[in-house]
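At position 158 of the sequence shown (counting the first as 1) the number is 275 in this note's numbering, and the numbers step up by one without a gap. A virtual CB, placed ideally from N, CA and C, is assigned to each residue, including glycine. No experiment lies behind these values; they were computed from the predicted model shown. Structure, as structure tokens:
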Amino acid sequence: YTYTASGIYYDTIPNHWGCDSLITIDLNIVPLPNIDLGNDTTLCGAGITLNAGSGFTSYHWNTGASTQSINVNNSNTYSVTVTNAQNCSNSDEINVTISNTSINLEQIGTDLVTTIDPVVSGNYSWFTCNDVLLPNITSSTYQNAPVNECFYVIFTDEVNCKWISNKVIVVSIHENTLPVASINPNPATDVVYIELLNDKFANIYVYDIMGKLVLYKKSDNSKIKLDVSQLSGTYILKIITDNQENVYKIVVAK
């Protein structure tokens, strides 16, 4: 017989003389611990704290932890077994998916190309820097992107997390047929040193990623010191000499 509730129970046991012996059982049935880690979850770029609840005498996670809660930052199935004061145990598990994807946009030749790290499946949405959607471009590459226009990409991965790329202004590759200057250091912090290779005069323009002119300098010396201490981020450096025009990408990191 299976007893399912606490109480006093009686039963008889026959002996070998055929007599019945009466036995009394005082039964206390303790319910299993109530443990619930919640529903399976997907997170974009952030970890999660899993809490098994308070009031238990011991905790045993499949990570090896023995605390009430744990912080997790990787996709996995996590489980915990808890034990109460009556030495009864119960378990639960949760499947956690954490997406940590980065997207980079750069110009290669006449094309804009996105790079995903790590490589996962997903969809690409292209926008101008004025947030206008380009519905006809859905691949990772924008071929023959228009010069002097600014673009960025939103990548939606396989678990529906959205990642936004940097913005890029398209420059003409014909402007860089022959280099007119060397640029150092790049990335820079406060100063960029420019050395003209074949000229002694240059007009120097620095644009932000939205195409706004943020710095201008006219030089009559082949070695130029450009103060970028008030800038931070990615910029387009345009150098115009008597013979040619070059466009470079520079980064100012603080």
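- Membership of Ala298 in the beta strand (DSSP E) is indicated by the continuous run 298 to 301.
- Ranked by Cα distance from Asn217, the first of Thr227, Asn363, Asn204, Pro235 is Pro235.
- Nearest neighbour of Pro304 by Cα position, chosen from Lys279, Asp337, Lys340, Val345, turns out to be Val345.
- Non-local beta-carbon contacts of Asn190 in its own chain, meaning distances under 6 angstroms to residues more than five positions away in sequence, involve Gly164 in chain order.
- As the crow flies, the alpha-carbon of Ser336 is around 17 angstroms from that of Leu330.
- According to DSSP, Cys161 shares a beta bridge with Ser216.
- Proximity to Asp325 across Gln260, Val364, Thr227 peaks at Val364, based on C-alpha coordinates.
- Nearest to Thr174 by C-alpha distance, out of Thr166, Tyr259, Thr184, is Thr184.
- Distances from the CA of Thr141 to each of Ile152, Val147, Pro150, Asp128 were compared; the closest alpha carbon is that of Asp128.
- One thing to note: Glu210 has its Cβ no nearer than 8 angstroms to the Cβ of Gly239.
- Looking at Val323, Leu343, Ser289, the one whose alpha-carbon comes closest to that of Val308 is Leu343.
- For Tyr310, the closest of Val285, Pro296, Ser339 by C-alpha to C-alpha distance is Ser339.
- Between the C-alpha atoms of Asn204 and Leu167 there is a straight-line separation of about 23 angstroms.
- In this structure, DSSP gives Gln224 an extended state, which the three-state scheme calls strand.
- When DSSP states are grouped into helix, strand and coil, Ser186 belongs to the strand group.
- Of the other Cβ atoms in all chains shown, fewer than 16 fall within 10 Å of the Cβ of Leu314; this residue is therefore exposed.
- Taking the Cα positions, Asn201 is about 24 angstroms away from Ile125.
- Put simply, of Thr258, Phe318, Val323 the residue whose alpha carbon is nearest the alpha carbon of Asp359 is Phe318.
- Cβ contact annotation for Ile233 (same chain, cutoff 7 angstroms, sequence separation greater than five): Thr218, Ile220, Phe272, in chain order.
- Proximity to Thr255 across Pro263, Val264, Ser242 peaks at Ser242, based on C-alpha coordinates.
- Rounded to whole angstroms, Val237 and Val199 show a C-alpha spacing of 36 angstroms.
- Taking C-beta atoms as the reference points, Thr194 and Asn207 fail to come closer than 8 angstroms.
- Residue range 239 to 245 is occupied by the beta strand (DSSP E) that includes Phe244.
- Counting only the Cα atoms, Ile215 lies some 26 angstroms from Lys284.
- When DSSP states are grouped into helix, strand and coil, Cys267 belongs to the strand group.
- Setting aside the 5 residues that flank it on each side, Lys279 is surrounded in the same chain by Ile271, Thr273, each with a C-beta closer than 6 angstroms to its C-beta; the list follows chain order.
- The residue among Pro302, Pro131, Tyr322 with its C-alpha nearest the C-alpha of Ile357 is Tyr322.
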